[in-house]
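Participant: Provided herewith is a single structure, encoded as structure tokens, for subsequent inquiry.
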Amino acid sequence: MSETNNQLNMRNIWLISLVAACGGLLFGYDWVVIGGAKPFYEAYFNITNASLSGWAM
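Numbering (my numbering), first residue to last: 1450 to 1506.
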């Protein structure tokens, strides 16, 4: 019984780690895409104020 619980715990740890890693990967990818597009949408929408730039990001 202890061996079965240990296997379930390891499986849960791997699953949680995988979900967290995928979330971090998607967050980083989104950050890079938005950062790369920032100069273009700032020029298009004429965003010159720093506070507006923060809201647009």
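A virtual CB, placed ideally from N, CA and C, is assigned to each residue, including glycine.
So, using beta-carbon positions, are residue 1490 and residue 1505 closer together than 8 Å?
Facilitator: By one-based count along the sequence shown, residue 1490 stands at place 41. By one-based count along the sequence shown, residue 1505 stands at place 56. Yes, the pair counts as a contact, with Cβ atoms nearer than the cut-off.
Participant: In this structure, how does DSSP classify residue 1453 when only helix, strand and coil are distinguished?
Facilitator: To locate residue 1453, count along the sequence shown from 1; it is residue 4. Helix, per DSSP.
Participant: Helix, strand or coil: which one does DSSP assign to residue 1489?
Facilitator: If you number the sequence shown from 1, residue 1489 lands on position 40. Looking at residue 1489 - three-state DSSP - the assignment turns out to be helix.
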